[in-house]
Structure formats: structure tokens, C-alpha cells
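The structure under discussion appears below in the form of C-alpha cells.
Numbering (the UniProt record's numbering), first residue to last: 1 to 616.
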């Protein structure tokens with residue numbers, strides 16, 4: 001099992017360049033943090049004058065005020081908190097709204113964490129609020145707020161490990177075209193800080209219902225949730241495995257979150273109670289998807305002798321993973337939306353639908369990932385399988401159903417006008433269904449293209465909308481743009497295949513049915529064509545680099561149609577660079593593959609690279 005991490009992170013990205021200093025917003029919206037009594041900061045007196053000046057220049061000690069600040073805070077608890085319930089929402093509102101009688105025993109909120117909160121909410125606030133803060137675009141605002149949180153972490157103005165973990169976890173919501181591995185690196189740092197307070201063993205605390213224990217439990221399960229979101233979205237190995245945690249322990253439950261139900265300022269108690277159930281559902285899914293995440297990240301490029309015991313072991317792992325997902329789906333089959341009263345505003349109903357639908361998008365994406373791994377196993381061990389084609393045909397139907405379900409969820413969210421509030425991992429989950437639609441359009445007859453083109457238009461409109469709210473959307477659209485010429489080459493190759501197949505070719509079709517009109521037919525004729533495209537997509541996301549067949553294992557280059565092996569240069573990216581216009585560099589950053597143990601050992605180095613070099 002392997003994970004992708006940064007080998008080096010360019011220090012120049014994190015230094016404050018001259019251009020950055022010139023872009024400091026000129027606005028009267030900001031106030032010093034101490035204007036709000038609930039905000040706290042560490043010992044500024046321990047810093048040198050130049051350090052303090054730098055932090056002041058970057059507005060690290062200032063926050064928006066009035067209605068602008070309220071917009072940020074409301075949007076955080078409307079759209080970020082239900083996916084990642086890091087904070088006790090009830091306690092936050094007590095502090096924020098200055099309810100003096102209730103505030104005496106509550107600890108103030110770290111300014112470092114609050115700047116990260118503003119960054120996370122910056123995806124959803126109004127453009128008026130963005131401009132009031134001195135920025136032209138939401139992307140500029142997100143970059144500035146994340147930089148402020150990073151600087152405060154760097155200068156050790158927050159030393160509490162729980163707060164540093166919470167801040168790092170929110171910063172893991174950032175992933176841009178040139179820094180696609182930042183989400184995993186920040187998650188790694190968050191996990192490290194969480195382990196410093198033994199958060200992974202919260203269940204061993206003698207006073208399991210104490211405030212500190214519940215805080216640790218929240219933190220640890222949010223690390224797990226974020227880990228699974230990243231793994232599913234950008235196809236990386238999970239960082240929290242059964243070695244790190246006993247997954248028989250119950251996830252976040254209604255007792256843990258009950259104080260929020262009556263104290264939320266953005267949702268009524270009825271909706272909040274349902275959102276708590278959604279969180280519980282997400283935690284259960286994080287456990288259910290763990291076997292899938294472990295099995296699909298076996299290194300497919302390693303040489304493997306196709307013995308019968310290895311085949312049986314792989315099939316057993318696949319069936320166990322599939323069963324865990326199916327059990328979760330059966331338990332959560334009832335639609336929470338039907339538990340909402342008729343008097344509930346439509347916007348509130350849509351919020352519950354938004355979060356439940358995203359959970360099912362993760363589920364269907366995991367099904368696709370498991371199907372893809374299963375195809376690779378069948379291909380490598382086909383000599384031991386008498387029912388090879390039957391198994392492939394079953395996987396083909398499962399893929400079609402899962403991809404179709406994602407498209408239906410996507411269209412439903414778009415039609416209700418809430419798709420722009422999806423989490424950062426959503427755009428990557430839509431990529432493979434879009435790729436299949438693209439194949440359909442290129443293979444279909446002129447009469448059959450109308451429906452496919454409408455699907456593609458819906459996808460492109462959604463991605464345009466998401467691009468305003470998600471930095472990572474640009475990464476997804478760039479990869480899809482680069483894969484398009486490769487899709488064209490595969491389609492051209494299929495049009496030239498011989499009209500007969502050998503009995504052991506693996507084709508599901510008979511010799512009289514060899515003209516594909518959609519991706520479903522392509523899979524039937526040549527499953528490896530489908531698998532190559534899906535592997536290139538996964539590798540591009542996980543490594544943050546342009547798709548290239550040099551990254552494919554040898555067995556994926558076999559040509560089912562001709563019985564020969566395709567040369568690695570037949571669709572090599574560099575040969576068609578003139579046909580591809582993109583801003584995505586060939587290698588976005590130096591990456592290497594290391595084991596999970598090495599990942600954990602490299603946390604300190606990662607944090608130093610991320611936070612250790614700012615230039616005044």
C-alpha cells in the first residue's frame with residue numbers, strides 16, 4: 001500500500017513576495033482581533049519586532065467585522081460544519097454572540113483557528129462580502145485567509161495540539177492546480193497533532209463523557225472523515241488504517257452532538273437533528289469503506305505471479321469490501337428527507353438533501369473504485385477463471401449503475417440550485433462519469449448524440465459553477481481536458497480492430513457485434529480500453545501530474561483485440577502536446593511514493609516545508 005506525498009515543496013510559494021505585500025486589501029471592514037472578546041492569541045511578546053510587523057502587514061491580527069464577519073460565520077456552519085463537525089457549534093455561538101452569562105466557563109477561540117475557519121467559509125460567502133474584505137475574487141480571499149492561518153501556525157502563536165490539529169484539518173480543504181498534494185500534507189499534519197494528545201485513544205479515557213474527551217473524539221473522527229473524502233476524491237491511500245485505530249469503536253453519535261441541536265443559529269432543531277444523523281451516517285460509511293480503500297491501493301505495477309491462492313485471496317478481499325458497502329447502503333436506505341415536516345422551508349430541506357446525496361456520491365464512487373480494481377484482478381488472473389467473461393459482464397453492469405447514480409445525484413443537486421455548496425472532493429467524483437459520457441458522445445450516431453450532449457452540457461455548467469467555490473475544480477477540468485485527445489486515440493484504435501476475436505480474448509461480444517456505440521459497448525469489446533482510461537484518470541488525480549501511459553503497468557497495455565501489447569509511445573502525451581492546450585505543468589511538484597510508516601515519520605519535515613520559510 002502506497003501513498004503520495006510531496007518530496008519537496010517549493011519554499012518560494014510560501015514566502016511573502018513583493019507582489020503579495022502590494023496586494024494587502026485597503027478596506028475599513030477589518031478590525032483588530034481583540035475587538036471580539038471571544039478571540040485569543042498566544043504570547044505576541046515572544047516574537048521579534050520584524051516578526052510582529054510581518055504578521056501585521058498580512059492582516060493576521062485582524063478579522064472582518066459586522067455583517068461581513070457574520071456572513072462568513074453563518075456560511076461556515078451552513079455548509080462546512082455538517083461535513084466536518086470540528087467545533088461545538090453551540091459553544092461557538094455562545095462565545096460569538098457574547099452571551100455573557102453562558103460564557104464564563106468557556107475557553108475562547110484561537111485566532112489561528114478562526115482565520116482557518118474564515119478560509120473554509122470563503123468558498124460560500126457572497127461576492128459583496130469578498131469585495132468588502134478587499135478582494136476581487138473568492139479565490140484571492142481563500143488564499144489570503146489560509147496564508148494568515150499558516151503564518152500564525154508558523155510563528156507558534158498557537159501551541160495547543162488540539163487547536164493546531166483543527167486548524168490543519170481546515171487547511172486540508174485547500175488544493176490548487178499547482179499544489180494538489182497540499183490537502184494530504186495538511187491532513188498528515190493534523191493527524192500528527194491529534195496523536196500528540198492521544199486523540200485516537202479517546203475511548204480509553206476514564207471520563208468518556210467529559211468535554212475534553214468529546215473534543216478529542218470529534219477531532220479524531222473528523223480526521224477520519226477528511227481522510228476518506230481525500231482518498232475517494234483524488235484516489236490516494238488512506239492515512240488512518242486499522243493499525244492506527246480500532247474501528248469497532250462507535251463514531252460520532254447523537255449524544256456527542258446533542259448540545260448543538262437546540263443551539264444552532266443557522267438550522268432549526270428539526271433540521272439539525274437530521275444533520276446529526278447525516279454525520280452519524282458519514283462516520284458509519286467511513287468504517288464501511290475502509291476495506292475497499294485498503295484493497296484498491298495494492299500496487300498494481302508490482303510483478304505478481306498469477307497463482308490460484310493469490311486469486312482466491314484477492315477475490316475474498318473484494319467480496320468482503322463489497323459486502324461492507326452493501327450493508328451500509330441497506331442500513332441507510334431510508335431517505336431522511338421524508339422525515340422533514342411539511343412546514344419546513346424548502347431551503348432547509350435542500351440542505352439535508354445536499355449532505356445525504358453527497359454521502360451517496362461517495363458510496364457510488366467507492367463502488368466504481370472497487371469495480372476497477374476487480375477488473376484488474378480478473379485481467380491478471382484470467383487463466384484461472386472459467387467464468388471470466390461472466391464476471392466481466394457483471395462488473396460492467398455494476399459500473400453502469402454506479403456511474404448513472406452519480407450522474408442522477410449531480411443533476412438533481414444542480415436542478416435544486418445547491419450543487420455549488422458541495423465539498424471540495426465532489427468535482428473529482430464526477431470525473432469518471434463525465435469521461436464515460438464523453439466516450440458515448442464520440443461513439444454514438446448523430447441521432448443518438450442529443451441526450452449525451454445534454455448530459456455533457458449539464459456537467460460543464462456544474463463545473464463552471466463549482467470553479468468559483470472550489471480551487472480543486474481547475475485541477476479536475478485540466479485533467480479532463482488532457483484526457484480528451486487520449487480518448488480520441490482509443491476511439492480511433494477501436495475503429496481499426498479486427499472483426500474477429502480469439503476465444504480467449506476476453507470479449508463479452510460475439511463476432512457479429514463489434515461496432516461500439518457507447519462506453520458500455522467498449523467495455524464489452526475491450527475492457528482494458530476502459531481500464532486504461534480510468535487508471536490514467538486516477539493516476540493524474542493522485543499524483544498531480546499530466547496523464548501518461550508511462551505510469552501504467554505493463555498488463556494494462558495488452559491489446560485485447562489484437563492479442564499484442566501496445567507500445568508505451570502509442571498515445572504518449574508528449575507526442576500530442578501540440579494538440580493539448582493547458583496550464584497544467586507536466587509535473588506539478590516532485591512526488592515520491594512512500595509507505596504509511598514513512599509518511600508518519602515525515603510529518604515534521606512536511607510541516608517545516610509548509611510553514612518554515614517566510615521572507616519579510
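Idealized CB from N, CA, C, for every residue including glycine. Since this is a predicted model, take the numbers as computed values, not measurements.
Identify the continuous alpha helix (DSSP H) that holds residue i and give its terminal residues.
| i | result |
| --- | --- |
| residue 373 | 346-380 |
| residue 222 | 211-234 |
| residue 530 | 527-543 |
| residue 479 | 473-495 |
| residue 409 | 388-415 |
| residue 279 | 269-288 |
| residue 451 | 449-469 |
| residue 92 | 89-96 |
| residue 183 | 182-196 |
| residue 254 | 254-261 |
| residue 128 | 127-132 |
| residue 121 | 111-121 |
| residue 318 | 308-331 |
By DSSP, does residue i sit in helix, in strand, or in coil?
| i | result |
| --- | --- |
| residue 58 | coil |
| residue 63 | strand |
| residue 39 | strand |
| residue 422 | coil |
| residue 444 | coil |
| residue 438 | helix |
| residue 552 | coil |
| residue 46 | helix |
| residue 248 | coil |
| residue 517 | coil |
| residue 600 | Caution is warranted here: a pLDDT of 46 is assigned to residue 600, below 50, making its placement in the model unreliable, and the coordinate value is therefore given only provisionally. In this structure, residue 600 counts as helix in the three-state DSSP scheme. |
| residue 205 | coil |
To the nearest angstrom, how far is it from the Cα of residue i to the Cα of residue j?
| i | j | result |
| --- | --- | --- |
| residue 413 | residue 292 | 26 Å |
| residue 152 | residue 492 | 54 Å |
| residue 72 | residue 264 | 15 Å |
| residue 189 | residue 369 | 27 Å |
| residue 294 | residue 354 | 28 Å |
| residue 351 | residue 243 | 35 Å |
| residue 32 | residue 63 | 6 Å |
| residue 49 | residue 155 | 13 Å |
| residue 58 | residue 409 | 41 Å |
| residue 239 | residue 193 | 14 Å |
| residue 226 | residue 132 | 31 Å |
| residue 224 | residue 217 | 11 Å |
| residue 516 | residue 280 | 44 Å |
| residue 433 | residue 371 | 14 Å |
| residue 453 | residue 297 | 34 Å |
| residue 231 | residue 359 | 14 Å |
| residue 199 | residue 219 | 7 Å |
| residue 146 | residue 321 | 37 Å |
| residue 406 | residue 53 | 50 Å |
| residue 312 | residue 233 | 29 Å |
| residue 349 | residue 266 | 13 Å |
| residue 328 | residue 282 | 10 Å |
| residue 128 | residue 221 | 35 Å |
| residue 317 | residue 545 | 30 Å |
| residue 98 | residue 38 | 8 Å |
Which residues in the same chain have their Cβ closer than 7 Å to the Cβ of residue i, if we skip the five residues on either side of it in sequence?
| i | result |
| --- | --- |
| residue 325 | 288, 289, 292, 363, 366, 367 |
| residue 112 | 149, 152, 153, 157, 158, 163, 167 |
| residue 165 | 190, 193, 194, 219 |
| residue 51 | 155 |
| residue 12 | With a pLDDT of 31 at residue 12, under the threshold of 50, the modelled position of this residue cannot be trusted; read the value that follows with caution. Same-chain partners within the cutoff: there are none. |
| residue 126 | 71 |
Provide the residue span of the beta strand (DSSP E) that contains residue i, from first to last.
| i | result |
| --- | --- |
| residue 30 | 30-32 |
So, at 6 Å on beta carbons, what are the nonlocal neighbours of residue i in its own chain, with the 5 sequence-adjacent residues on each side left out?
| i | result |
| --- | --- |
| residue 547 | 482, 483, 536, 540 |
| residue 382 | 388 |
| residue 123 | 469 |
| residue 272 | 261, 264 |
| residue 424 | 173, 470, 472 |
| residue 314 | 377 |
Distance cutoff 7 Å, beta carbons only. Does residue i sit that close to anything in chain B?
| i | result |
| --- | --- |
| residue 441 | Looking at the structure shown, chain B is missing, and only one protein chain is on hand. |
Once the 5 residues before and after residue i are set aside, which same chain residues still bring their CB inside 8 Å of it?
| i | result |
| --- | --- |
| residue 187 | 168, 169, 172, 223, 226, 227, 230, 239 |
| residue 278 | 82, 336, 352, 355, 356, 359 |
| residue 176 | 182, 471, 472, 474, 475 |
Practice task
Please specify which runs of the alpha helix (DSSP H), each continuous and at least 4 residues long, are wholly inside the stretch 149-175, giving them in chain order.
Solution key: Complete alpha helix (DSSP H) runs here, min 4: 161-171.
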